[in-house]
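Q:
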Amino acid sequence: MTIHYVDASAWAKLLVEEPESGPLAAYVDERLAAGETFASSHLLVTELHRLAARVGAAPTSVTAALSVLALTLPDAATFRAAGLLAGQVRSLDALHVASALDLGVVDFLSYDQRQLAAAATAGIPAASPGAVPAASPAAHDGRAL
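Start counting the sequence shown at 0; every next residue gets the next number (numbering that gives the first Met the number 0).
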């Protein structure tokens with residue numbers, strides 16, 4: 000089974016129109032049509048609902064965006080692995096990377112440069128459809144959040 004991991008900086012672009020929204024939607028649609036799977040941690044549920052509340056998006060749009068995902072619950076080992084990741088990555092972002100490692104994904108969809116660096120260091124290829132390269136990892140964290 001081919002699994003693609005998504006974080007909030009990516010999936011938020013399906014709720015809030017940004018320059019990368021179209022390329023991301025095309026990337027997702029193409030892979031879903033091929034029978035591939037998209038997954039994330041249940042952490043994404045909270046992140047997207049909080050985003051929707053801030054931008055005035057309907058909760059039903061969050062439900063629709065989440066409906067195509069396989070959601071996983073991190074266990075204690077995943078939390079420990081997240082804490083031990085190399086690099087300058089935020090705690091919740093580290094939890095996403097550790098969750099992706101647990102799932103054995105083929106790529107990690109994100110627009111957060113620090114998180115992508117952590118995923119790459121952990122051996123997970125990055126995917127950021129439509130992204131414009133940032134000047135430095137700290138220059139742009141890719142979040143509508």
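Beta carbons: idealized from backbone N, C-alpha and C, even for Gly.
As the structure is a computational prediction, the values presented were derived from the model and not from experiment.
(1) Indicate the three-state DSSP secondary structure (helix, strand or coil) for TYR110 in the structure shown.
(2) Which residues in the same chain have their Cβ closer than 7 Å to the Cβ of PRO136, if we skip the five residues on either side of it in sequence?
(3) Quick check on LEU72: does DSSP put it in helix, strand or coil?
(4) For ILE123 and LEU94, what's the separation of their Cα atoms in angstroms?
(5) What are the start and end residues of each continuous beta strand (DSSP E) run of 3 or more residues lying completely inside the segment 13-83, in chain order?
(6) State the DSSP-derived secondary structure class of VAL105, mapped to helix, strand or coil.
(7) Specify whether the segment 16-23 and the segment 73-83 touch according to this definition: at least 3 beta carbon pairs, one from each stretch, less than 8 Å apart.
(8) What does a CB cutoff of less than 6 Å around LEU102 pick up in its chain, not counting 5 residues either side in sequence?
A: Reading off the structure:
(1) coil
(2) Only weak support exists for where PRO136 lies, its pLDDT of 45 falling under 50; the value from the coordinates is given anyway. Closer than 7 Å at Cβ, skipping near neighbours: GLN112, ARG113 and ALA116.
(3) coil
(4) 14 Å
(5) 36-40 and 68-71
(6) coil
(7) no
(8) ILE2 and ALA38
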